[in-house]
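Below: the structure, in structure tokens.
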Amino acid sequence: MALDDRKTSGFTQVGTRPNRPDGLDKVTGRARFGADVTAPGMLFATIVRSPHAHARIKKIDSSKAEALAGVKGVVTRADFATGLTGENWNILENVMAGDTALYDGHAVAAVAATSALIARDAAKLIEVEYEILPHVTDVDAAMADNAPVIREGAADKSVPEGMHPNVVRYHESGHGDVDAGFAEADLVIEDHFRTEATHQGYIEPHACLATLGGDGKGELWCCTQGHWNVQKICAALLGIETANLRVTASEIGGGFGGKTAVFIEPVALALARKTNKPVKLVMPRPDVFKATGPTASTSMDIKIGMKKDGTITAAQGVFRLQGGAFPGAPMEFTAMCAFAPYALKHVHQVGYDVITNRPKQAAYRAPGSPMAAFAVESVIDELCRKLELDPIETRLKNASKKGTKASFGPMFDQIGLVETLEAAKAHPHYSAPLKPGQGRGISCGFWFNHGGETAVTLALSEDGTAQLAVGTPDIGGSRASMALMAAEELGIPYENIRVTIADTATLGYNEVSHGSRVTYASGLATIEAARDAVGKLCARAAAKWGIPEDAVKWENGCAVPSGPNAGDFDPMPIAEITKRMGATGGPIVGHFEATPEGAGVSFATHIVDAEVDPETGKTSVVRYTVVQDAGKAIHPTYVEGQYQGGAAQGIGWALNEEYIYGDDGRLQNAVFLDYRIPVASDLPMIDTVIVEVPNPGHPYGVRGVGETSICPPLAAIANAVSAAAGVRLRELPMSPPRILAALERQRDG
Amino acid sequence: MVEVNLWSGLRALADGKDKVEVEAATVGEVLEGLVMAHPGLQDAIDAGVSVAVDGRVIASSLTEPVQPDSEVFLMQRLKGG
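Residue numbers (the numbering used here), protein chains in the order written: chain A, 1 to 749; chain B, 1001 to 1081.
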């Protein structure tokens, strides 16, 4: 049987907008999220957290807590594996402090009891004696000579000699001679930018239910973006065999990267092992803010040179990111994404990963890229204003395209930046008149996207319907996309395919749902698994007809002879084959297990209109348009949702959201009342334009779309607000006090 | 021989070079060749790298083929949200 590897047209299912398969469950409350799972006799757990930003733990006394009626067990660091190294050690150190509490909210002990109330009361009875140490929470302050050292010896070999020990990783890349490039420029602008840490703000707090018996065998139900990763890490931290821990991912109420990490699951497992009971652990919202993984905060210097005709002659960036008390701030991605939209002869970027007394950062949609775009696109905007150039034409003049040597090194393959810019230029929004007090900003953004280890199984039922098991938690509508792709290949209705997120005992290893990889990689795997099943269906038909397998092809859900020489047989529908499959060779199952490596990079261009009230400093986003390359939109409604979601989160990041630390190093705003995410009434209708420049690395041309949409908003909004306010805003969030201060500085000259 | 481009931050670990030639037919052999030529690169490679071959970013597969005239860039390992 001959199957085309790539399909770019003639779709019957892909590109349609069927109802979402999880819709009824979610609107009726039938969907089971992390906190919805229960077990007979289960205990409830609470974690005791450090109230200090930096403190040596001198003594933990849990005797009073353990004496409380209903308390069944207390765990501390002593209840976890020893001898860990590398990232496993870092994760354990973050999950449960060892000798030192490294940030406000760092876990130091945990207790399990017969009710949540008793567990909370017991936590208050656990006495921890601290020796308070000097702390630092600001990235620039942490690099200064007099900064307290968070952790000696944390730096890797990439860090140049002479740097403060809080600088733990270093990145440098680029090409050409930036000094020569700046000399060619008619105008060079150099500026400094800062962004504060933000949280992904997922509605569902982390939650899990764990069992772990004396035989070392356990089960874990949790809300996560990657349960194989949870399995691997928990097994290491508990010192058990990986296969003895079965992990099931619950329905997930938002992740955005924040649920790619492990925080509470090893604690629940340790308590379950100690008490020999199921243990449920649900994070209260303040714990989510204090002790999961927000973004890095940044301090950035950008220098760009431009000719009068808009040609960028050179670009340079220094990006300092703090990612909490552990290495891992994504400064290399900030550096590599910063200038990626532009074809540059001379470019140089430097990144510093700096540790501070804050929680360990985690991924948040295109980690590191939005901040870079904010700084770079602000300077480009300023250059365009001063040289009186059209911002889209200027970006088109410099845009990366196929064959461009990327700022981070290699040549780009087929990409769609120019197409997004052309679509933005043609959009009515770009030429619509502005009202007094309003400003318009545009920005481009870039993200790499990712493939990763993927395993999929597609099992056919006797009635010709199909059960598709994937291993990537559905964080953005992937079950609908998978069903559409399987339906396209099998030629059966979308509704005849049920997609399940399989547990770790059911499929081979699946990498986390991150890097915008799911529709790309699990989608590719689904297509290949369906083609594997179709091959087997054709083989059964060939056997029935007594002709060679390659004389049968698959059309519209039926096996048919591949040509006149193959014989004259009526089409054999899928259900006719599957109803006899037990007697004709056994179950028909398609498989695919691989590491797809063709995730195409993605670009977007956003247009924003903002209005600033000079009396109060309040900003309103009055119009927003997202233009992004999806490669191929499998379910356009979900793609549009990703575009709108990225813009909405970007609006919050740009205007209001920030981690606010007091002089004592404690987080001041660890509840949604004080941490201001946008609500529906804060947002305009966010218009979307789907550009489709196929990714050569996917059978249908798919590019990931989940992350790129958050790359341009910070910059596009900053450019719009700066235009509306008449003053350049260089620090995020552009909250009313900052806008008023900027206006005042401008008035004062 | 395949010419491998290193990101500038690795120069200090590769005797000041930002291009290293290795005998390799796959991504895995590229990485082995780099460590053989410059053992100081071992930690950086163990920490996680991606390899861009003719513009295609290989995040983890060591068996991906590399041609003598391929454009090869070592990059830090890609992750996402």
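Cβ coordinates follow ideal geometry from the N, Cα and C atoms, glycine included.
Are any of the Cβ atoms in chain B nearer than 8 Å to that of D301/A? For the purposes of this step, residue 301/A is taken as residue 301 along the first sequence, with counting starting at 1. So no, D301/A is outside the interface.
Three or more C-beta pairs below 8 Å linking the stretch 331-343 of chain A and the stretch 398-412 of chain A: For the pair of segments examined, the stretch 331-343 of chain A was found to touch the stretch 398-412 of chain A: the number of CB pairs separated by less than 8 Å reaches three.
DSSP beta-bridge partners of D687/A: Position 687 of the first sequence holds residue 687/A. Residue pairing by DSSP places D687/A opposite T625/A in a beta bridge.
Cβ-based burial, M1/A [other Cβ within 10 Å; buried from 16]: The residue you call residue 1/A lines up with position 1 of the first sequence. At M1/A, the pLDDT of 35 sits below 50, so the modelled position is not reliable and the matter cannot be decided from this model.
Identify the continuous alpha helix (DSSP H) that holds I527/A and give its terminal residues. Taking the first sequence and counting its residues from 1, the one referred to as residue 527/A is at position 527. Start and end: G523 to W545.
Nonlocal neighbours in the same chain, by C-beta distance under 7 Å from P1065/B, ignoring five residues either side: Reading the second sequence from its first residue, position 65 is the one you call residue 1065/B. The residues A1025 and T1026, in chain order, have a CB closer than 7 Å to that of P1065/B in the same chain once the five nearest residues on each side in sequence are set aside.
Going by CA-CA distance only, name the one from G86/A, A680/A, W228/A and V188/A that's closest to L507/A. For the purposes of this step, residue 507/A is taken as the residue at position 507 of the first sequence. For the residues G86/A, A680/A, W228/A and V188/A, the minimum Cα distance to L507/A belongs to W228/A.
Name the chain A residues whose beta carbon is nearer than 7 Å to that of E1071/B? On the second sequence, position 71 is the one that residue 1071/B refers to. Simply P410 and M411.
Bridge partners - F1073/B, DSSP secondary structure assignment: Mapped onto the second sequence, residue 1073/B falls at position 73. For F1073/B, which the question treats as bridged, DSSP gives the partners N1005/B and A1052/B.
Can you name the start and end residues of the beta strand (DSSP E) that C444/A belongs to? Locating residue 444/A in the first sequence gives position 444, where the first residue counts as 1. In the DSSP assignment, C444/A falls within the beta strand (DSSP E) that extends over Q438 to W447.
Note down the Cα distance separating N719/A from V379/A, rounded to an integer number of angstroms. In the first sequence, the residue the question calls residue 719/A occupies position 719. In the first sequence, the residue the question calls residue 379/A occupies position 379. For the pair N719/A and V379/A, the Cα-to-Cα distance works out to about 9 Å.
Kindly say whether M1075/B, judged by its beta-carbon, lies nearer than 8 Å to any beta-carbon of chain A. Taking the first residue of the second sequence as 1, we reach residue 1075/B at position 75. Closer than 8 Å: yes.
Cutoff 8 Å: L1013/B Cβ touching any chain A Cβ: Here the question's residue 1013/B lines up with position 13 in the second sequence. By this cut-off, L1013/B is an interface position.
Compare the C-alpha of A654/A against each of G226/A, A487/A, T198/A and S681/A and name the closest. For the purposes of this step, residue 654/A is taken as the residue at position 654 of the first sequence. Measuring from the Cα of A654/A, the nearest candidate turns out to be T198/A.
By the DSSP assignment, the alpha helix (DSSP H) with H429/A in it spans what residues? Numbered from 1 along the first sequence, position 429 holds the residue referred to as residue 429/A. Unbroken alpha helix (DSSP H) run through H429/A: P428 to S431.
Just to confirm before moving on: does the CB-CB distance between L490/A and A466/A stay below 8 Å? Translated into the one-based positions of the first sequence, residue 490/A becomes position 490. Translated into the one-based positions of the first sequence, residue 466/A becomes position 466. Yes.
Residues in the same chain with beta-carbon distance under 6 Å from T356/A, minus the five sequence neighbours each way, listed in chain order, please. Along the first sequence, one-based indexing puts residue 356/A at 356. In its chain, beyond the 5 residues on either side, V136, T137, A142 and Q322 have a beta carbon closer than 6 Å to the beta carbon of T356/A.
Can you look up P758/A in the DSSP assignment and give me helix, strand or coil? This structure does not reach residue 758/A, given that chain A is present from 1 up to 749, and the question cannot be answered.
Strictly below 7 Å CB to CB, what residues from chain A border A1052/B? Your numbering for residue 1052/B matches position 52 in the second sequence. Neighbours of A1052/B on chain A, chain order: G409 and P410.
Should the stretch 253-269 of chain A be regarded as contacting the stretch 89-97 of chain A, the criterion being three or more beta carbon pairs within less than 8 Å? A contact exists between the stretch 253-269 of chain A and the stretch 89-97 of chain A.
Just reading off the beta strand (DSSP E) that S1061/B is part of, what are its end residues? Counting from one through the second sequence, the residue named residue 1061/B turns up at place 61. Secondary structure note for S1061/B: it is in no beta strand (DSSP E), with a DSSP letter that is neither H nor E.
Is the beta carbon of S369/A sitting closer than 8 Å to the one on T454/A? In the first sequence, counting from the first residue as 1, residue 369/A sits at position 369. In the first sequence, counting from the first residue as 1, residue 454/A sits at position 454. In this structure, T454/A does not lie closer than 8 Å to S369/A by Cβ.
Going along chain A in order, which residues have a C-beta closer than 7 Å to the C-beta of L1078/B? Locating residue 1078/B in the second sequence gives position 78, counting from the first residue. Counting only Cβ-Cβ distances below 7 Å, L1078/B has contacts in chain A at F448, H450 and G515, in chain order.
Residue-level contact to chain B via CB, M1/A, 8 Å cutoff: Residue numbering aside, residue 1/A sits at position 1 when the first sequence is read from its first letter. Low local confidence applies: a pLDDT of 35 at M1/A is under 50, so the model's placement there is unreliable, with the coordinate-based value given in what follows. Not one chain B Cβ lies under 8 Å of M1/A.
Comparing C-alpha positions only, which one of A723/A, P134/A, T275/A and I577/A sits nearest to K386/A? For this step, residue 386/A is matched to residue 386 along the first sequence. Comparing Cα positions, the closest option is A723/A.
Mind checking the stretch 156-167 of chain A against chain B and listing, in chain order, the residues whose C-beta falls within less than 8 Å of any C-beta there? Here the close residues are D156, K157, S158 and P160.
List the whole-angstrom C-beta distance separating I677/A from E657/A, where the pair is believed to meet the contact cut-off of C-beta under 8 Å. To locate residue 677/A, count along the first sequence from 1; it is residue 677. To locate residue 657/A, count along the first sequence from 1; it is residue 657. Sure, about 6 Å apart at Cβ, within 8 Å.
Selection of the stretch 352-375 of chain A by Cβ proximity to chain B, strictly under 9 Å: Taking 9 Å as the cut-off between beta carbons, the residues of the stretch 352-375 of chain A near chain B are A362, A363, Y364, R365, A366 and P367, in sequence order.
Starting from V1057/B, find everything on chain A with Cβ-Cβ shorter than 7 Å and list it in chain order. Along the second sequence, one-based indexing puts residue 1057/B at 57. Chain A residues near V1057/B: F448.
Check the Cβ of E1021/B against every Cβ in chain A and list those closer than 7 Å, keeping chain order. Within the second sequence, residue 1021/B is the residue found at index 21, counting from 1. Chain order gives no chain A residues near E1021/B, where near means a beta carbon separation below 7 Å; the closest approach is about 17 Å.
DSSP beta-bridge partners of F319/A: Mapped onto the first sequence, residue 319/A falls at position 319. Partner(s): M300/A and G351/A.
Would you say the stretch 634-647 of chain A touches the stretch 170-183 of chain A, given that touching needs at least three Cβ pairs under 8 Å? No: fewer than three Cβ pairs fall under 8 Å.
Please give the ranges of any alpha helix (DSSP H) in the stretch 552-595 of chain A, keeping only runs that are unbroken, at least 4 residues long and fully inside the region. 574-578, all fully within the stretch 552-595 of chain A.
Mind checking which residues open and close the beta strand (DSSP E) that includes G73/A? Along the first sequence, read from residue 1 onward, the residue named residue 73/A stands at position 73. For G73/A, the enclosing beta strand (DSSP E) stretches over residues V71 to V75.
Which residues in chain B have a C-beta closer than 8 Å to the C-beta of E707/A? List them in chain order. Mapped onto the first sequence, residue 707/A falls at position 707. Going along chain B in sequence order, the residues near E707/A (Cβ under 8 Å) are G1080 and G1081.
The beta strand (DSSP E) that contains G823/A, what's its start and end? The structure shown does not extend to residue 823/A, since chain A is modelled only from 1 to 749, so the question has no answer here.
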